[in-house]
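Enquirer: Dumping the structure here so I can ask a few things about it.
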Amino acid sequence: MIRTWQQQWTTNVKGNILAGMTATLALVPDSLAFSLMAGVPPTVGIYASICILLVTTFLGGRPGMISAAAGSMAVLMLTLVKEHGISYLFAATILTGILQYLMGVFKLGKLMNFVPSGVLTGFVNALAILIFMSQLRYFKGAPWTMYALVAATLVIIYVLPRFFKAIPSPLIAVAVLTLAVWAFGMGGVSRIGDIAVIDASLPSFLIPDIPFNWETLMIILPYSLSLAVVGFTETLLTHNLLDEMTGERTDKNKEMRGQGLANFAAGFFGGMAGCALVAESVLNVRMGGRNRLSTLVAALFLFLLVVLAGDLLALVPMAALVGIMLMVCAAIFDWRSVFKPRAVPVSETVVMLATVGSVILTHDLAIGVLVGVLISFIWFAVKASRLHIHSEWEGSTRIYRIEGQLFFASAAVLDERIEQGCAADEVHIDLSASKVWDHTARLSLQKVVERLAKDGKQVTVLTGEKRS
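When the sequence shown is numbered by the UniProt record's numbering, its final residue is 468 and no position is left out of the sequence of numbers.
Right, here's the structure in full:
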């Protein structure tokens, strides 16, 4: 226990502190943008991010993962806010937390074992594309200086580490560009303060101003269920990705319990529901933030920036943050799936493309994952349904040797093949190299036996050493 505590809080302290600060810089504009997306004041996204980060730091199962207000969940809140008001959003956030906590209690994290690697690849590729597309809005109508500053950011990010690694290059890029824009008085350059007015104060405890009755529950329950499922999906897929990046295996069910408690708390402090953010999480881990210290620093640094240094934060040029997000896009995209498609099976490539296409069309990561998993299961069922039936004679006995899996998709083949021209008086159906998986297959086998018996044939079903 003490050793684990030391590892999470005293290992690579400098690296985790700087990584947490870097991730926060990418988190600020997203929190503001997601608040606008949900139709709520900017402080709602900021409060949510601070609260969720703090709770998951201590109670989450995946160290180094950045959880905060999320765009995939914000789009689900807009209708609720428009039709019923922000108090109902806070109540829905609390209920979302309860549902997610129960997901962790009932260990639904094991469902991620059914997500194939092709779906995970499609998930991160689609996310990289969506992040890239979301950054294009900052170039619309922008002067040439915007392009120059983004290019300068990328140069600093990729070139500086060759000569200096003490401080993460994205953090230096933000500081250099902010100072340059201020010193040279560059006009027309978009800053964080242009997205929203940052006038956050200390968050305070509140109880949603709603009637506590059955009607209210029926209003918020559909939204909370949707938010819980989307948050569950995106959080655990991000969890899987970070586990692969770090070579660790961490507790998904503990993470869901932590996420649930975080959203539960956020609703009482004027925040919106959130989940893990892939881009910021990958950035944090790549910059060296692999311990809980990094997420604690991210939460505290976000609090200091917004509450105590809002005026200074407002001066940060969006070009610097756009450059960081473009770097994240390049980092999380699986380039092998594009340039070396033969390195993976065709089935995984098809699943990956279907996942990417579904996400881009719907802008919903959960739908994309569902489509990918569904196609994977169909592909598996088709492949597993290939049944081989060999027929031979042993004296006057006709033997049918079945090889393959007997289930609903292959049961019809059994019925068709054994029906054809069976002239023997005695028939053996050998299932030694097969397995009956479901009720449909059992019914099909029973149907064949009954039909042959009705024709006056003596039927024996062989299953290993057993006969029936």
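Glycine included, each C-beta is placed from N, C-alpha and C at the ideal position.
Who are the near neighbours of SER376 in its chain, counting only those whose CB is closer than 7 angstroms to its CB and skipping five residues on each side?
Expert: PRO116, GLY118, VAL119 and VAL351.
Enquirer: What's the C-alpha gap between SER49 and ILE324?
Expert: Their backbone Cα atoms lie some 19 angstroms apart in a straight line.
Enquirer: Taking Cβ positions, are THR56 and THR238 nearer each other than 8 angstroms?
Expert: No, these two residues do not count as a Cβ contact at 8 angstroms.
Enquirer: Alpha carbon to alpha carbon, how far is GLU416 from SER410? Give it in angstroms, no decimals.
Expert: One C-alpha to the other measures close to 10 angstroms.
Enquirer: Taking the beta carbon of MET77 as the centre, do at least 16 other beta carbons fall within 10 Å, making it buried, or is it exposed?
Expert: So MET77 counts as buried.
Enquirer: Going by DSSP, name the residue or residues bridged to GLY274.
Expert: ALA69.
Enquirer: Sorted by chain position, which residues of the same chain lie with C-beta nearer than 7 angstroms to LYS466's C-beta, five sequence neighbours on each side aside?
Expert: Summary for LYS466: the model assigns pLDDT 46, below 50, so the residue's position carries little reliability; its value from the coordinates is reported in the next sentence. Closer than 7 angstroms at Cβ, skipping near neighbours: no residue.
Enquirer: Return the chain-ordered list of same chain residues with a C-beta closer than 7 angstroms to the C-beta of VAL285, the five sequence neighbours on each side being excluded.
Expert: So the list reads GLY64, LEU242, MET245 and THR246, once near-sequence residues are dropped.
Enquirer: Who are the Cβ neighbours of ALA314 in its own chain at under 7 angstroms, not counting the five residues just before and after it?
Expert: Around ALA314: ARG191, ILE192, GLY193 and ILE198.
Enquirer: Report the option in ASP311, PHE163, SER87 and GLY15 whose CA atom is closest to the CA atom of PRO211.
Expert: The residue with the shortest Cα to Cα distance from PRO211 is SER87.
Enquirer: Straight-line CA distance for GLN259 to LEU59?
Expert: The straight-line gap from Cα to Cα measures roughly 8 angstroms.
Enquirer: Would you please verify whether the beta carbon of ALA228 is less than 8 angstroms from any beta carbon of chain B?
Expert: Going by chain labels, chain B is absent from the structure shown, which holds only one protein chain.
Enquirer: Quick check on DSSP: helix, strand or coil for GLY187?
Expert: Correct three-state label for GLY187: coil.
Enquirer: Straight-line CA distance for SER468 to TYR400?
Expert: Residue placement at SER468 cannot be trusted, given a pLDDT of 46 that sits under 50; the coordinates are not used to answer.
Enquirer: In terms of residue numbering, what span does the beta strand (DSSP E) encompassing GLY404 cover?
Expert: GLY404 -> beta strand (DSSP E) spans 397 to 406.
Enquirer: Where GLY61 and GLU255 are concerned, what is the direct C-alpha to C-alpha distance, given to the nearest angstrom?
Expert: So the two alpha carbons sit approximately 4 angstroms from each other.
Enquirer: Quick check on GLU248: does DSSP put it in helix, strand or coil?
Expert: DSSP places GLU248 in coil when its eight states are reduced to three.
Enquirer: Going by the DSSP bridge assignment, what does LYS435 pair with across the sheet?
Expert: Per DSSP, GLN405.
Enquirer: Give the DSSP-derived three-state secondary structure of ASP430 in the structure shown.
Expert: Three-state result, ASP430: strand.
Enquirer: Can you have a look at ALA273 and say buried or exposed, based on whether 16 or more other CB atoms are within 10 angstroms of its CB?
Expert: Flag for ALA273 reads buried.
Enquirer: If you count every other CB in all the chains shown that lies within 10 Å of the CB of SER204, and 16 or more means buried, which is it?
Expert: Its Cβ having fewer than 16 others within 10 Å, SER204 is exposed.
Enquirer: Does the stretch 341 to 358 come within contact of the stretch 216 to 234, defined as at least 3 CB pairs closer than 8 angstroms?
Expert: In short, these stretches do not touch, since the Cβ pair count stays below three.
Enquirer: When DSSP labels each residue in this structure, what does ALA161 get in the three-state scheme?
Expert: Correcting the residue identity first, residue 161 is Pro in this sequence and not Ala. In this structure, PRO161 counts as helix in the three-state DSSP scheme.
Enquirer: State whether the stretch 294 to 312 contacts the stretch 7 to 19, with contact taken as three or more CB pairs (one from each stretch) at a distance under 8 angstroms.
Expert: With the cut-off at 8 angstroms, the stretch 294 to 312 and the stretch 7 to 19 touch.
Enquirer: Would you report the Cα separation of ASP334 and GLY122, rounded to the nearest angstrom?
Expert: Straight-line Cα distance between these residues: approximately 9 angstroms.
Enquirer: Can you tell me whether DSSP reads TRP335 as helix, strand or coil?
Expert: Three-state result, TRP335: coil.
Enquirer: Pick out the complete alpha helix (DSSP H) segments inside the stretch 5 to 81, 4 residues or longer, and give them in chain order.
Expert: Qualifying alpha helix (DSSP H) stretches, in chain order: 13 to 38, 42 to 59 and 71 to 74.
Enquirer: If you draw a straight line from the C-alpha of LEU177 to the C-alpha of PHE339, how long is it?
Expert: Roughly 34 angstroms separates the two Cα atoms.
Enquirer: Given that a residue counts as buried once 16 or more other Cβ atoms are within 10 Å of its Cβ, and exposed if not, what is SER169?
Expert: Buried, since its Cβ has 16 or more Cβ neighbours within 10 Å.
Enquirer: Please state if the CB of SER72 and the CB of ASP364 are separated by a distance shorter than 8 angstroms.
Expert: The answer is yes: Cβ separation under 8 angstroms.
Enquirer: Using 8 angstroms as the threshold, is the C-beta distance between THR145 and MET186 below it?
Expert: Yes, the pair counts as a contact, with Cβ atoms nearer than the cut-off.
Enquirer: Tell me the residue span of the alpha helix (DSSP H) that contains SER376.
Expert: 365 to 384 is the extent of the alpha helix (DSSP H) around SER376.
Enquirer: Pull up the DSSP beta-bridge partners for SER391, would you.
Expert: BP columns for SER391 point to TYR400.
Enquirer: Below 8 angstroms on the Cβ atoms is my contact criterion, and I expect MET21 with LEU171 to pass it. Report the Cβ-Cβ distance as a whole number of Å.
Expert: Right, their Cβ atoms sit about 6 angstroms apart.
Enquirer: Is the beta carbon of ALA282 sitting closer than 8 angstroms to the one on ALA330?
Expert: The amino acid occupying residue 282 in the given sequence is Val; Ala does not appear at that position. Not a contact, by the Cβ cut-off of 8 angstroms.
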